[in-house]
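Peer 1: Order-wise, the sequence lines are chains W and F.
Numbering-wise (numbering that gives the first Met the number 0), the first sequence opens with residue 0 and increments by one.
Numbering-wise (numbering that gives the first Met the number 0), the second sequence opens with residue 0 and increments by one.
Sharing a structure, written as structure tokens. Questions coming.
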Amino acid sequence: MRPHHCELCHIDLKHVSVSRGGQEVLQDVSMHIHCSQLTVLIGQNGAGKTTLIRALLGEIPYTGSIRHQDGKGKPVGHLRIGYVPQHLAFDQDMPVTVQDFMAAAFTRRPVWTGVSRKVRAEILEALKVVHAPEVIDRPLGRCSGGELQRVLLALALRPSPDLLVLDEPVSGIDQNGLKMFLDTVNELRTGRHIAILLVSHDLRFVREYADHVVLLDKTVLIQGAPDPVFESEAFARVFGTGVE
Amino acid sequence: MEGIYSLMDVLLPFPSLQFSFMKNAFLAILLLTPLLGLLGTMAVNQQMAFFSDALGHSALTGIGLGMILGVGNDLVSMLVFGVIWAVLIGLIKHTGSASADTVISVFSSTSVAAGLLILSRGGGFAKYSSLLIGDILAVTPQDILYLLLALIAGTVLWMLLYNGLLLTSINASLAHSRSIPTRLYEIAFSILVAVAVMLAIRWVGVMLINALLILPAASARNLSRNARQHAVLSVLFALVSGMAGLFSSYAWNTSAGAAIILYAAMIYAVSLLLRRKVRG
């Protein structure tokens, strides 16, 4: 368990902009992602949600600043991000099991030489946290969308991240799978001191789970607690009324 | 070398192996096929069959350019050009201006055309035709030393790269978020494939080399459920096809490369039939 002083720490985005091909695809985004809170990013397709994530991950260049700070605004070391991608576009036929996949991330020993008992135990432990220990020996291509999300979540939680970035799948997961996934995420929020950023393509659960909602359309249109955001004019403009 | 030869006489008392050219060929296959089998697993998983085919074709240009520049050793010119070609294809693929298979096709045909143009000057291509179909009996003791070094270096590098490459092939952003330099890994892998392909090409031939990389791994994949089985079976299939092909070509007096690939293709056919039983 980490010390509680991190309770007030947050990731501070200031004036983050991203240009691609001479066009600004993300413009002056400023927001706080707080520890022990679920921050949800919503917006239409092409609003820049994935671009913002890629900037956070350091995959694409951006201007502005992204800082990891404690309650007094002092910088807190390197920001460790656990990332759950939206989907895995891998070859379904690949003979790689969940254990192979996770061991490849956890250890240096090449997976094709085998996985030690110790590492297997560690993987099982990680899978238990997301309530999916039964998939350990299953080939990745045989896992359902929901199971894959859990495996990815288990992976993102080791080593324990400061910020967990979840790119919720647009499709491929049934309602039950999504609910279970979000329930697990919700447990993490209360059980660990992690800041969670969820990119949601599905508004149904957002109001129920989110602490902080950010509505994005190239820039931040509005952010705050779920209710005011959902009742705002900007929200109605982006999603129309009657979505709820 | 003499010591190894006499050891082989004791351990492998086959009539066909009494000749030293067969001993050399045997050792070359023993050293090279396992590495190709291992690399093949990732090439197949990353759907790089077309890429490695293009690399094989670049050997023609490599030799042609080496000739023009006055490089005495064909292997050196093939290796240098193959590595440069691998890196170039990798870099251009990433710019994303055209789809990967189009880019690779352009590279492949360009290198074949350039190679043929240079090597056919004055109507003299006939003396290079062995490049196309390979000549396993051309292995020299010095080649075997190079192969041994390549096998050791290749395997070590492969041990270091494998996990990162596996993650990258599943999701590059995920790999990146775990501090894996994905581009560097991919380029290192391309170089490794280029080196292994160039080392084998003189014996297997430009036309067939890609099959030796892809077929064993593709067969193994039909029969595996996890990464370990995939690697072990792929190495085994590459080795078995190599050995069976070598001895058959001796008995039939045919091209060894062709015999090797036909064995590999037979294994593939059987693996397809068994696939359902094994993978369920």
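The beta carbon of each residue, even a glycine, is placed where N, CA and C say it ideally should be.
Straight-line CA distance for A46 of chain W to A264 of chain F?
Peer 2: Reading the first sequence from its first residue, position 47 is the one you call residue 46 of chain W. Reading the second sequence from its first residue, position 265 is the one you call residue 264 of chain F. Rounded to the nearest angstrom, the two C-alpha atoms are 50 Å apart.
Peer 1: Is DSSP giving K13 of chain W helix, strand or coil here?
Peer 2: As a working note, residue 13 of chain W is residue 14 in the first sequence. Under the three-state reduction of DSSP output, K13 of chain W falls in the strand class.
Peer 1: So, does the CB of N170 of chain F fall closer than 8 Å to a CB anywhere in chain W?
Peer 2: Looking up residue 170 of chain F in the second sequence gives position 171. Yes, because at least one Cβ of chain W sits closer than 8 Å to the Cβ of N170 of chain F.
Peer 1: Could I get the ranges of all uninterrupted alpha helix (DSSP H) runs contained in the stretch 49 to 108 of chain F, with 4 residues as the minimum, in chain order?
Peer 2: 73 to 94
Peer 1: By the 10 Å Cβ neighbour count, where 16 or more other Cβ atoms means buried, how is K48 of chain W classified, buried or exposed?
Peer 2: Stepping through the first sequence from its first residue, residue 48 of chain W is reached at position 49. Under this definition K48 of chain W is a buried residue.
Peer 1: Note down, in chain order, each residue of its chain lying with its Cβ closer than 6 Å to the Cβ of R108 of chain W, except the 5 sequence neighbours on either side.
Peer 2: As a first step, residue 108 of chain W is located in the first sequence; it is residue number 109 there, counting from the start. For R108 of chain W, where only same-chain residues beyond five positions count, there are no Cβ hits under 6 Å.
Peer 1: Return no unless some Cβ of chain F is closer than 8 Å to the Cβ of L56 of chain W.
Peer 2: One-based indexing of the first sequence puts residue 56 of chain W at position 57. Yes - at least one Cβ of chain F is within 8 Å of the one on L56 of chain W.
Peer 1: Would you mind reading off the limits of the alpha helix (DSSP H) that contains G163 of chain F?
Peer 2: Numbered from 1 along the second sequence, position 164 holds the residue referred to as residue 163 of chain F. Per DSSP, G163 of chain F belongs to the alpha helix (DSSP H) from P140 to I169.
Peer 1: Could you work out which residues of chain F lie near I80 of chain W, taking near to mean beta carbons separated by less than 9 Å?
Peer 2: What you label residue 80 of chain W is simply residue 81 of the first sequence in a count that begins at 1. Those within 9 Å of I80 of chain W in chain F are S176.
Peer 1: Looking at C-alpha atoms only, which residue of F:A85, F:R274, F:A255 and F:N23 is the closest neighbour of H56 of chain F?
Peer 2: Your numbering for residue 56 of chain F matches position 57 in the second sequence. Ranking F:A85, F:R274, F:A255 and F:N23 by Cα distance to H56 of chain F puts F:A85 first.
Peer 1: D173 of chain W: which of W:D166, W:L123, W:E146 and W:G190 sits nearest, CA to CA?
Peer 2: Indexing the first sequence from 1 puts residue 173 of chain W at position 174. D173 of chain W has its Cα closest to that of W:E146, out of W:D166, W:L123, W:E146 and W:G190.
Peer 1: Quick test of the definition: if touching needs 3 or more C-beta pairs under 8 Å, does the stretch 230 to 239 of chain F touch the stretch 33 to 44 of chain F?
Peer 2: At 8 Å Cβ cutoff, the stretches touch.
Peer 1: Among F:Y249, F:S223 and F:L165, which residue has its Cα nearest to the Cα of Y267 of chain F?
Peer 2: Taking the second sequence and counting its residues from 1, one reaches residue 267 of chain F at position 268. Of the candidates F:Y249, F:S223 and F:L165, the one whose C-alpha sits nearest the C-alpha of Y267 of chain F is F:S223.
Peer 1: Could you give the distance in angstroms between the alpha-carbon of I200 of chain F and the alpha-carbon of A58 of chain F?
Peer 2: Locating residue 200 of chain F in the second sequence gives position 201, where the first residue counts as 1. Locating residue 58 of chain F in the second sequence gives position 59, where the first residue counts as 1. Distance between the alpha carbons of I200 of chain F and A58 of chain F is about 8 Å.
Peer 1: Is the CB-CB distance between A53 of chain F and I91 of chain F below 8 Å?
Peer 2: If you number the second sequence from 1, residue 53 of chain F lands on position 54. If you number the second sequence from 1, residue 91 of chain F lands on position 92. Not in contact: A53 of chain F and I91 of chain F (Cβ atoms no closer than 8 Å).
Peer 1: Ignore the nearest five residues each way along the sequence and tell me which others in L261 of chain F's own chain have a CB closer than 8 Å to its CB.
Peer 2: Position 262 of the second sequence, counted from the start, is the residue given in the question as residue 261 of chain F. So the qualifying residues of the chain are G244.
Peer 1: On the three-pair Cβ rule with 8 Å, is the stretch 107 to 124 of chain W touching the stretch 177 to 196 of chain W?
Peer 2: no
Peer 1: Would you kindly work out how many angstroms separate the C-alpha atoms of L130 of chain F and V205 of chain F, rounded to a whole number?
Peer 2: Along the second sequence, one-based indexing puts residue 130 of chain F at 131. Along the second sequence, one-based indexing puts residue 205 of chain F at 206. Each residue's alpha carbon lies about 6 Å from the other.
Peer 1: I'd like to know whether the C-beta atoms of A131 of chain W and R157 of chain W end up nearer to each other than 8 Å.
Peer 2: As a working note, residue 131 of chain W is residue 132 in the first sequence. As a working note, residue 157 of chain W is residue 158 in the first sequence. Their beta carbons are not under 8 Å apart, which means A131 of chain W does not touch R157 of chain W by this criterion.
Peer 1: Below 6 Å CB to CB, which residues in the same chain sit around A125 of chain W once its five sequence neighbours on both sides are set aside?
Peer 2: The count along the first sequence starts at 1 and reaches residue 125 of chain W at position 126. If we look at A125 of chain W and ignore the five residues flanking it on each side, its Cβ neighbours are A153 and R157.
Peer 1: Is the beta carbon of T96 of chain W sitting closer than 8 Å to the one on L139 of chain W?
Peer 2: In the first sequence, counting from the first residue as 1, residue 96 of chain W sits at position 97. In the first sequence, counting from the first residue as 1, residue 139 of chain W sits at position 140. Contact flag set, yes.
Peer 1: Apart from the five residues just before and just after D136 of chain W, which ones in its own chain have a Cβ nearer than 8 Å to its Cβ?
Peer 2: Reading the first sequence from its first residue, position 137 is the one you call residue 136 of chain W. Excluding residues within five positions, the ones whose Cβ falls inside 8 Å are T96, V97 and Q98.
Peer 1: Would you report the Cα separation of N170 of chain F and G76 of chain W, rounded to the nearest angstrom?
Peer 2: Mapped onto the second sequence, residue 170 of chain F falls at position 171. Mapped onto the first sequence, residue 76 of chain W falls at position 77. Taking the straight line from one Cα to the other gives about 27 Å.
Peer 1: Counting only runs of 4+ residues fully inside the stretch 43 to 79 of chain W, write out the alpha helix (DSSP H) ranges in chain order.
Peer 2: 48 to 55
Peer 1: For a test of the three-state rule: what should DSSP assign to T244 of chain W, helix, strand or coil?
Peer 2: Beyond the ends of chain W as shown, which are 0 and 243, falls residue 244 of chain W; an answer cannot be given.
Peer 1: In whole angstroms, what separates the C-alpha of A237 of chain F from that of A210 of chain F?
Peer 2: Position 238 of the second sequence, counting from 1, holds the residue named residue 237 of chain F. Position 211 of the second sequence, counting from 1, holds the residue named residue 210 of chain F. Straight-line Cα distance between these residues: approximately 10 Å.
Peer 1: Within 8 Å (strictly less), CB to CB, does L165 of chain F reach chain W?
Peer 2: Counting from 1 along the second sequence, the entry for residue 165 of chain F is found at position 166. Yes, L165 of chain F counts as interfacial toward chain W.
Peer 1: Tell me whether the beta-carbon of T183 of chain W lies closer than 8 Å to the beta-carbon of V129 of chain W.
Peer 2: Here residue 183 of chain W is taken as the residue at index 184 of the first sequence, counted from 1. Here residue 129 of chain W is taken as the residue at index 130 of the first sequence, counted from 1. Yes, these two residues count as a Cβ contact at 8 Å.
Peer 1: Which same chain residues, not among the five before or five after V82 of chain F, have their C-beta less than 8 Å away from its C-beta?
Peer 2: Mapped onto the second sequence, residue 82 of chain F falls at position 83. Answer for V82 of chain F: I190, A193 and V194, listed in chain order.
Peer 1: Just to confirm, is the Cβ distance from I62 of chain F to S76 of chain F under 8 Å?
Peer 2: Within the second sequence, the letter at position 63 stands for residue 62 of chain F. Within the second sequence, the letter at position 77 stands for residue 76 of chain F. Yes; because the gap between Cβ atoms is below 8 Å, this pair is in contact.
Peer 1: Ordered along the chain, which non-local residues of its own chain (more than five positions away) have a Cβ less than 8 Å from that of L160 of chain F?
Peer 2: Start at 1 with the first residue of the second sequence, and residue 160 of chain F comes out as number 161. So the list reads Y184, A187, F188 and L191, once near-sequence residues are dropped.
Peer 1: For H9 of chain W, which residues in the same chain have their Cβ closer than 7 Å to its Cβ, ignoring the five residues on either side in sequence?
Peer 2: Working through the first sequence from its first residue, we reach residue 9 of chain W at position 10. For H9 of chain W, where only same-chain residues beyond five positions count, the Cβ hits under 7 Å are H31, I32, H33, C34, Q68 and A194.
Peer 1: Taking DSSP as the reference, what is the three-state secondary structure of A224 of chain W?
Peer 2: Residue numbering aside, residue 224 of chain W sits at position 225 when the first sequence is read from its first letter. Three-state result, A224 of chain W: coil.
Peer 1: For G38 of chain W, report the span of its beta strand (DSSP E) as first-last.
Peer 2: To locate residue 38 of chain W, count along the first sequence from 1; it is residue 39. Residue identity differs from the one stated: residue 38 of chain W is Thr in this sequence, not Gly. L37 to I41 is the extent of the beta strand (DSSP E) around T38 of chain W.
Peer 1: Any idea what DSSP makes of C5 of chain W, helix, strand or coil?
Peer 2: Here residue 5 of chain W refers to the residue found at position 6 when the first sequence is read from its first residue. Low per-residue confidence applies at C5 of chain W: pLDDT is 49, beneath 50, and the placement is therefore not dependable enough to give any value.
Peer 1: Which first and last residues belong to the alpha helix (DSSP H) in which D8 of chain F is found?
Peer 2: For the purposes of this step, residue 8 of chain F is identified with residue 9 of the second sequence, where counting begins at 1. It spans E1 to L10 - the alpha helix (DSSP H) in which D8 of chain F sits, taken as one unbroken run.
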